[in-house]
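J.:
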Amino acid sequence: MVKEGVTYGPDLTLPLGPKNDSLLEKAAEQLADMFGVHRQLDKLLYQSAQEVGGIEFETIFAPISPESLSAKVRPDAIDHDQTFLRSCPLTSAETQQALGLLGILHGNHTDENTEVFASFARREKFFERLADGQSFIFVGSHLEFQDVGFNLGYLTRAAHLHGFDRLDTRTTLMIGRLLGYLEVMGLNVIDDILRKASNVLKTFPVSGGEAVNEGDITDEDLNRRVRAFRKRQNARTREEFMALMTSDHGHIVIEAGSGSRDAKDEHGHVVMEPFALGTREDLYLAVQAGASIYPVFGDYGNAEEPSVVEIGPEITSLSSPQQAHDIGQIIASMGNRARGRASKDHPDVARFNVPIRYGNYDRG
Numbered sequence: 498m499v500k501e502g503v504t505y506g507p508d509l510t511l512p513l514g515p516k517n518d519s520l521l522e523k524a525a526e527q528l529a530d531m532f533g534v535h536r537q538l539d540k541l542l543y544q545s546a547q548e549v550g551g552i553e554f555e556t557i558f559a560p561i562s563p564e565s566l567s568a569k570v571r572p573d574a575i576d577h578d579q580t581f582l583r584s585c586p587l588t589s590a591e592t593q594q595a596l597g598l599l600g601i602l603h604g605n606h607t608d609e610n611t612e613v614f615a616s617f618a619r620r621e622k623f624f625e626r627l628a629d630g631q632s633f634i635f636v637g638s639h640l641e642f643q644d645v646g647f648n649l650g651y652l653t654r655a656a657h658l659h660g661f662d663r664l665d666t667r668t669t670l671m672i673g674r675l676l677g678y679l680e681v682m683g684l685n686v687i688d689d690i691l692r693k694a695s696n697v698l699k700t701f702p703v704s705g706g707e708a709v710n711e712g713d714i715t716d717e718d719l720n721r722r723v724r725a726f727r728k729r730q731n732a733r734t735r736e737e738f739m740a741l742m743t744s745d746h747g748h749i750v751i752e753a754g755s756g757s758r759d760a761k762d763e764h765g766h767v768v769m770e771p772f773a774l775g776t777r778e779d780l781y782l783a784v785q786a787g788a789s790i791y792p793v794f795g796d797y798g799n800a801e802e803p804s805v806v807e808i809g810p811e812i813t814s815l816s817s818p819q820q821a822h823d824i825g826q827i828i829a830s831m832g833n834r835a836r837g838r839a840s841k842d843h844p845d846v847a848r849f850n851v852p853i854r855y856g857n858y859d860r861g
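Going by the working numbering, the residue at position 97 of the sequence shown is 594; the numbering climbs one at a time, nothing skipped.
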């Protein structure tokens, strides 16, 4: 029966033989591409996960179980086709349970760390501006201890004190995919912890321990496909990031601009990894779209040693992506001043006497 108003084209008969073979070959090629790339990424990132640790403190991370890599349904955290992970549906009690890790890791210092973010929010009228549609980026670093997750936790606690019951849908962590291969106290870092307080935007860092080093891949064809896959996924990350920054609703993105843990030089001084080109371009495009940037120095201790956390001045304009290096310089300067003050009150804490500098980069 022919529906009225619908026009049909001529009945075309397609040749089945060669076309069918071509489709099968293409499907087989796509499957080989997907599984070959995914398995190689698993191998490289899982190997890196076994080497992750803090510089000053004993690591709190452990690799996920090898069985997770061969599960029929892959966890979101290590599904390489997923770039943007929405926060997990949960209750307020579950959020508090995830945030309870702050108390376990930082002990009696937890409340003073929370107050840093709460005081900042009151001074800057931060949550009021967020509710009005303003978007923000918190740019930190990876010093002796990875600080992005802690910045998220304490900002969320400050939001609760300010009357925000849920901050998860407004907050996104931009993190390296390596974290999906790690767990803390049996909980997956991405799926079981971070996604209970925020969305997660996964990226492939281009430097440091979280980078995918194609030099470790011996198959040149696979090497090419891994590079192409990473390029496509990072393009998707950029699209998601800009969608957040240009939304009518206020959003927060929390990231470590270097994308890798900062190193130490031959003198034992901390050297911040310079912000990569992709990060600098993201920050430039974000302020062009009206977002504000806050540099964050997060020198987190443990239950015995205090933390030093400072949030720098609001940045509302950048003349070029290259100028984003200035943000890294600000973080290093903030860190040196903060550690200098802290060393007077805590002369027994060795890391407070360690200088920090932003790494070398092309100033052209």
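Note that the Cβ used here is the ideal one computed from N, Cα and C, for glycine as well.
This structure is a prediction, so every number in the text was calculated from the model and none was measured.
Using alpha carbons as the reference points, say which of ALA829, LYS761, GLY683 lies closest to ILE557.
T.: GLY683
J.: Which residues does DSSP list as the beta-bridge partners of LYS569?
T.: DSSP lists no partner for LYS569.
J.: Give the range of the alpha helix (DSSP H) segment to which VAL784 is assigned.
T.: 774 to 785
J.: Just the C-alpha distance for PHE554 and THR588, rounded to the nearest angstrom, thanks.
T.: Caution is warranted here: a pLDDT of 49 is assigned to PHE554, below 50, making its placement in the model unreliable, and the coordinate value is therefore given only provisionally. So the alpha carbons of these two residues sit roughly 32 Å apart.
J.: Counting along the chain, where does the alpha helix (DSSP H) carrying GLY620 start and finish?
T.: Sequence check: residue 620 is Arg here, not Gly. Residues 607 to 621.
J.: Under three-state DSSP, which class holds MET682?
T.: coil
J.: Within 8 Å of any Cβ in chain B, is that where the Cβ of LEU602 sits?
T.: Absent from the structure is chain B; it holds one protein chain and no more.
J.: For THR607, which residues in the same chain have their Cβ closer than 8 Å to its Cβ, ignoring the five residues on either side in sequence?
T.: LEU599, GLY600
J.: Could you give the C-beta distance for MET739 and LEU782, rounded to a whole number, given that I count them as a contact under 8 Å?
T.: With 8 Å as the limit, MET739 and LEU782 qualify as a contact, their Cβ atoms being about 6 Å apart.
J.: Using CA coordinates, which residue listed in GLY533, GLN544, THR580 is at the minimum distance from GLU737?
T.: THR580
J.: How big is the Cα-Cα spacing for HIS748 and THR669?
T.: Distance between the alpha carbons of HIS748 and THR669 is about 8 Å.
J.: Candidates ARG674, ARG854, ASP688: which alpha carbon is nearest GLY765's?
T.: That would be ARG854, whose Cα lies nearest to the Cα of GLY765.
J.: With distance defined between alpha-carbon atoms, name the residue in PHE633, GLY673, GLY637, LEU627 nearest to ARG663.
T.: Closest by alpha carbon: LEU627.
J.: Could you tell me the distance, in whole angstroms, from the CA atom of ARG777 to the CA atom of LEU541?
T.: Distance between ARG777 and LEU541, taken at the CA atoms: about 26 Å.
J.: Ignore the nearest five residues each way along the sequence and tell me which others in LEU649's own chain have a CB closer than 8 Å to its CB.
T.: THR668, LEU670, LEU691, ALA694, SER695, ILE751
J.: Who are the near neighbours of ILE812 in its chain, counting only those whose CB is closer than 6 Å to its CB and skipping five residues on each side?
T.: ILE790
J.: Assess contact between the region 610 to 623 and the region 721 to 732, defined as three or more Cβ pairs (one per stretch) separated by less than 8 Å. Is contact present?
T.: no
J.: Among ILE828, ASN857, SER804, which has the Cα closest to the Cα of ASP842?
T.: SER804
J.: In the DSSP assignment, find the alpha helix (DSSP H) that holds ASN648 and state where it starts and stops.
T.: 645 to 658
J.: Mind checking ASN850: buried by the 16 CB within 10 Å criterion, or exposed?
T.: exposed
J.: Within the same chain, show all residues whose beta-carbon is closer than 8 Å to that of VAL784, passing over the 5 residues directly before and after it, in chain order.
T.: ILE790, ILE812, THR813, SER814, LEU815
J.: At 3 residues or longer, and completely inside the region 781 to 836: list those beta strand (DSSP E) runs for me, N to C.
T.: 789 to 796, 805 to 808
J.: Can you give the Cα-Cα distance for GLY637 and TYR678, rounded to whole angstroms?
T.: 22 Å
J.: Is it buried or exposed for PRO792, if we count other Cβ within 10 angstroms and need 16 for buried?
T.: So PRO792 counts as buried.
J.: Using C-beta distances below 7 Å, list every residue in its chain close to PRO572, excluding the 5 sequence neighbours before and after it, in chain order.
T.: SER565, ASN685, ASP688
J.: Using only alpha-carbon positions, find the residue among PHE726, VAL767, SER616 that is nearest to GLY832.
T.: VAL767
J.: Would you mind reading off the limits of the alpha helix (DSSP H) that contains GLY747?
T.: From DSSP, GLY747 is part of no alpha helix (DSSP H); its letter is neither H nor E.
J.: DSSP state of PRO771, grouped into three classes?
T.: coil
J.: Would you mind stating whether HIS603 and HIS535 have Cβ atoms separated by less than 8 Å?
T.: no
J.: Which of the three DSSP states is assigned to LEU664 in this structure?
T.: coil
J.: I need the DSSP call for THR510, collapsed to helix, strand or coil.
T.: Confidence at THR510 is low in this model, with a pLDDT of 39, below 50, so its placement is unreliable and the value that follows should be read with caution. THR510: coil per DSSP, three-state reduction.
J.: Output the boundary residues of the alpha helix (DSSP H) element that contains THR592.
T.: 589 to 603
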